[in-house]
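S.K.:
Number of protein chains: 2
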Amino acid sequence: MSTPIKPDDEYAARPGEVSVELPGAFDSGVYFIGTIHTPWRTRAECPKNPRESKGAICSIEVDERYAQGLAGIEAFTHVVVLYFMDQARRDLITQVPRHLGIARGTFSLRSPARPNPIALSVAKLLKVEGNRLTVAGIDCLDGTPLLDLKPYLPTVDAIESILPPHKK
Amino acid sequence: MSTPIKPDDEYAARPGEVSVELPGAFDSGVYFIGTIHTPWRTRAECPKNPRESKGAICSIEVDERYAQGLAGIEAFTHVVVLYFMDQARRDLITQVPRHLGIARGTFSLRSPARPNPIALSVAKLLKVEGNRLTVAGIDCLDGTPLLDLKPYLPTVDAIESILPPHKK
Numbered sequence: 003m004s005t006p007i008k009p010d011d012e013y014a015a016r017p018g019e020v021s022v023e024l025p026g027a028f029d030s031g032v033y034f035i036g037t038i039h040t041p042w043r044t045r046a047e048c049p050k051n052p053r054e055s056k057g058a059i060c061s062i063e064v065d066e067r068y069a070q071g072l073a074g075i076e077a078f079t080h081v082v083v084l085y086f087m088d089q090a091r092r093d094l095i096t097q098v099p100r101h102l103g104i105a106r107g108t109f110s111l112r113s114p115a116r117p118n119p120i121a122l123s124v125a126k127l128l129k130v131e132g133n134r135l136t137v138a139g140i141d142c143l144d145g146t147p148l149l150d151l152k153p154y155l156p157t158v159d160a161i162e163s164i165l166p167p168h169k170k
Numbered sequence: 003m004s005t006p007i008k009p010d011d012e013y014a015a016r017p018g019e020v021s022v023e024l025p026g027a028f029d030s031g032v033y034f035i036g037t038i039h040t041p042w043r044t045r046a047e048c049p050k051n052p053r054e055s056k057g058a059i060c061s062i063e064v065d066e067r068y069a070q071g072l073a074g075i076e077a078f079t080h081v082v083v084l085y086f087m088d089q090a091r092r093d094l095i096t097q098v099p100r101h102l103g104i105a106r107g108t109f110s111l112r113s114p115a116r117p118n119p120i121a122l123s124v125a126k127l128l129k130v131e132g133n134r135l136t137v138a139g140i141d142c143l144d145g146t147p148l149l150d151l152k153p154y155l156p157t158v159d160a161i162e163s164i165l166p167p168h169k170k
């Protein structure tokens with residue numbers, strides 16, 4: 003059952019936002035495999051999206067346990083970075099983004115608040131030194147846990163399209 | 003500590019593949035929020051990547067609990083689909099892909115085997131009916147659990163670059 007959130011709710015005061023009751027247990031688990039270091043210490047400081055980070059230099063530290071997994075990554079110009087927005091609410095199913103002012107479903111937004119708060123950025127890979135990558139194009143809080151790194155493959159990941167992001 | 007896998011290992015017989023001991027506990031959990039329906043019932047049948055699925059029509063069924071989260075998604079031409087490769091090994095840190103024949107780190111491969119087996123496809127959104135999306139451009143096994151849907155934003159997600167996927 004979904005529950006409209008009261009305007010006086012501490013975390014989501016905007017009318018129109020709806021939360022769901024989440025299942026009592028997780029279906030599987032994730033390991034935090036490293037840490038992302040960025041210049042942003044509060045949510046208010048974070049850029050709205052990776053493109054707006056304006057090339058700020060960030061670093062990704064992969065835990066020693068997994069460091070061998072980086073072998074070969076230096077051959078790629080860009081990497082897909084998956085990370086866990088561990089401070090976000092997971093129960094919001096409709097949200098009212100400030101820039102829209104009306105409610106929209108969570109899956110049509112890039113908000114960190116979602117049942118599985120997994121974010122992705124396509125980051126430019128600048129340098130690899132041991133278990134540390136230097137990158138540009140990440141928009142998350144300093145200290146965000148890393149979930150995965152993948153090579154970015156333009157032939158698979160980039161959609162060439164003359165359409166704007168919205169059809170209408 | 004990493005452990006070379008013996009050639010007689012049942013699941014990963016290829017020399018050069020290395021596994022790590024995973025932590026004893028997960029750091030957080032994921033909910034399976036729906037199911038992906040595809041024409042592929044075995045790994046051997048699956049296309050090598052979404053581009054090679056040649057437009058096969060697949061469907062994504064979002065659990066009723068989360069269905070309200072789809073509001074507004076029909077406005078987008080493409081969606082980022084995150085899903086959980088729940089049958090993949092999670093401990094392989096170097097792997098020998100058949101098409102390469104040499105060992106490479108897991109994070110420089112798109113293999114489903116990785117510490118957090120979260121895959122992503124950029125799928126073309128063809129139709130939305132209630133809690134079911136019809137899409138093209140997914141390469142996973144029938145029945146794969148869904149983790150997240152996001153609007154694909156070319157201005158943020160597509161890297162315009164004249165570089166081939168490999169720098170060298």
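As you go down the protein sequences, you meet chains A and B in turn.
The opening position of the first sequence corresponds to residue 3 in the working numbering, with each subsequent residue numbered one higher.
The opening position of the second sequence corresponds to residue 3 in the working numbering, with each subsequent residue numbered one higher.
Ideal placement from N, C-alpha and C gives every residue a C-beta, glycine not left out.
1) Arg112 of chain B and Thr96 of chain B - do their beta-carbons sit closer together than 9 Å?
2) Label Leu151 of chain B either buried or exposed according to how many other C-beta atoms from any shown protein chain fall within 10 Å of its C-beta, with 16 as the threshold for buried.
3) Quick check: is the beta carbon of Ala27 of chain A nearer than 9 Å to any beta carbon in chain B?
4) Per the contact definition of three or more C-beta pairs closer than 8 Å, is the segment 64-84 of chain A in contact with the segment 140-154 of chain A?
5) Given that a residue counts as buried once 16 or more other Cβ atoms are within 10 Å of its Cβ, and exposed if not, what is Thr44 of chain A?
6) Counting only the same chain and skipping the five closest in sequence on each side, list residues whose C-beta sits under 8 Å from that of Thr108 of chain B.
7) What residues in the segment 67-83 of chain A have a beta carbon less than 9 Å from any beta carbon of chain B?
8) Along the segment 111-129 of chain A, where does the CB come closer than 7 Å to a CB of chain B? Name the residues.
9) At 3 residues or longer, what runs of the beta strand (DSSP E) sit wholly inside the segment 34-119 of chain B?
10) In whole angstroms, what separates the C-alpha of Pro156 of chain B from that of Asp159 of chain A?
11) Applying the 10 Å Cβ sphere with the 16-neighbour rule, what's the burial state of Gly36 of chain A?
12) Please compile the residues from chain B whose C-beta is within a distance smaller than 9 Å of the C-beta of Ile62 of chain A.
13) Relative to the C-alpha of Leu127 of chain A, which candidate in A:Pro119, A:Val137, A:Gly103, A:Ile120 has its C-alpha closest?
14) Going along chain B in order, which residues have a C-beta closer than 8 Å to the C-beta of Leu143 of chain A?
15) So Arg106 of chain B contacts chain A; which residues on that side make the cut at Cβ distance below 7 Å?
16) Would Arg67 of chain A be called buried (16 or more neighbouring beta carbons within 10 Å of its own) or exposed?
17) Please decide whether Val98 of chain B counts as near chain A, where near means a Cβ-Cβ distance under 9 Å.
18) Indicate whether at least one CB of chain E lies closer than 9 Å to the CB of Arg92 of chain B.
19) Is the CB-CB distance between Val32 of chain A and Val32 of chain B below 9 Å?
20) Could you name the residues of the segment 146-160 of chain A whose beta carbon sits closer than 8 Å to any beta carbon of chain B, in the order they occur along the chain?
21) Mind listing the chain B neighbours of Val20 of chain A? Cutoff is C-beta to C-beta under 7 Å, in chain order.
22) Give me whichever residues DSSP pairs with Ala131 of chain A in a beta bridge.
23) Using the three-state DSSP reduction, which class does Pro156 of chain A fall into: helix, strand or coil?
24) When you compare the CB of Pro9 of chain B with every CB in chain A, is at least one pair closer than 9 Å?
25) Beta-carbon of Ile59 of chain B versus every beta-carbon of chain A: anything under 9 Å?
26) Which residues in chain B have a C-beta closer than 7 Å to the C-beta of Ile95 of chain A? List them in chain order.
27) Just checking: is the beta-carbon of Glu23 of chain A within a distance shorter than 9 Å of some beta-carbon in chain B?
28) Over what stretch of residues does the beta strand (DSSP E) that includes Gly26 of chain B continue unbroken?
29) Hey, could you find the ends of the beta strand (DSSP E) Gly31 of chain B is sitting in?
M.R.: Reading it off the structure:
1) As a position in the second sequence, residue 96 of chain B is number 94, starting the count at 1. As a position in the second sequence, residue 112 of chain B is number 110, starting the count at 1. For Thr96 of chain B and Arg112 of chain B, no; Cβs fall outside 9 Å.
2) Looking up residue 151 of chain B in the second sequence gives position 149. That one is buried.
3) For the purposes of this step, residue 27 of chain A is identified with residue 25 of the first sequence, where counting begins at 1. Cβ-Cβ to chain B under 9 Å: yes for Ala27 of chain A.
4) yes
5) Reading the first sequence from its first residue, position 42 is the one you call residue 44 of chain A. Answer is exposed; the Cβ neighbour count stays below 16.
6) The sequence position of residue 108 of chain B within the second sequence is 106, counting from 1. Only Leu94, Ile95, Thr96, Gln97, Ala115, Arg116, Pro117 meet the Cβ criterion.
7) Arg67, Tyr68, Ala69, Gln70, Gly71, Leu72, Ala73, Gly74, Ile75, Glu76, Ala77, Phe78, Thr79, His80, Val81, Val82
8) Arg112, Arg116, Pro117, Asn118, Ile120, Leu122, Val124
9) 36-39, 59-64, 80-86, 94-97
10) Position 154 of the second sequence, counted from the start, is the residue given in the question as residue 156 of chain B. Position 157 of the first sequence, counted from the start, is the residue given in the question as residue 159 of chain A. So the alpha carbons of these two residues sit roughly 10 Å apart.
11) Counting from 1 along the first sequence, the entry for residue 36 of chain A is found at position 34. So Gly36 of chain A ends up on the buried side.
12) What you label residue 62 of chain A is simply residue 60 of the first sequence in a count that begins at 1. Neighbours of Ile62 of chain A on chain B: none; closest Cβ ~10 Å, over 9 Å.
13) Against the first sequence, residue 127 of chain A aligns to sequence position 125. It is A:Val137.
14) As a first step, residue 143 of chain A must be located in the first sequence, where it is residue number 141. Neighbours of Leu143 of chain A on chain B: none; closest Cβ ~16 Å, over 8 Å.
15) Position 104 of the second sequence, counting from 1, holds the residue named residue 106 of chain B. Simply Ala73, Gly74.
16) Reading the first sequence from its first residue, position 65 is the one you call residue 67 of chain A. Buried, because 16 or more other Cβ atoms sit within 10 Å of the Cβ of Arg67 of chain A.
17) Within the second sequence, residue 98 of chain B is the residue found at index 96, counting from 1. Answer no: the Cβ-Cβ gap between Val98 of chain B and chain A never drops below 9 Å.
18) This model lacks chain E altogether; the protein chains it does include are A and B.
19) The residue given as residue 32 of chain A occupies position 30 in the first sequence. The residue given as residue 32 of chain B occupies position 30 in the second sequence. In contact: Val32 of chain A and Val32 of chain B (Cβ atoms closer than 9 Å).
20) Pro147, Leu149, Asp150, Leu151, Lys152, Pro153, Tyr154, Leu155, Pro156, Thr157, Val158, Asp159, Ala160
21) As a position in the first sequence, residue 20 of chain A is number 18, starting the count at 1. The contacting residues are Gln70.
22) Residue 131 of chain A sits at position 129 when you count from the first residue of the first sequence. The residue you asked about is not Ala; residue 131 of chain A is Glu in the sequence shown. Per DSSP, A:Arg134.
23) In the first sequence, counting from the first residue as 1, residue 156 of chain A sits at position 154. Looking at Pro156 of chain A - three-state DSSP - the assignment turns out to be helix.
24) Position 7 of the second sequence, counting from 1, holds the residue named residue 9 of chain B. Interpretation of Pro9 of chain B is limited by its pLDDT of 45, a score under 50 that renders its predicted location unreliable; the figure taken from the coordinates is listed afterwards. No, because no Cβ of chain A sits closer than 9 Å to the Cβ of Pro9 of chain B.
25) Residue mapping note: residue 59 of chain B aligns to position 57 of the second sequence, counting from 1. Output row for Ile59 of chain B: interface = no.
26) For the purposes of this step, residue 95 of chain A is identified with residue 93 of the first sequence, where counting begins at 1. Correct list: Tyr68, Gln70, Gly71.
27) Sequence index remark: in the first sequence, residue 23 of chain A carries index 21 (1-based). Glu23 of chain A counts as touching chain B.
28) As a first step, residue 26 of chain B is located in the second sequence; it is residue number 24 there, counting from the start. Here Gly26 of chain B belongs to no beta strand (DSSP E), and DSSP marks it neither H nor E.
29) Indexing the second sequence from 1 puts residue 31 of chain B at position 29. Segment 30-32, the beta strand (DSSP E) holding Gly31 of chain B.
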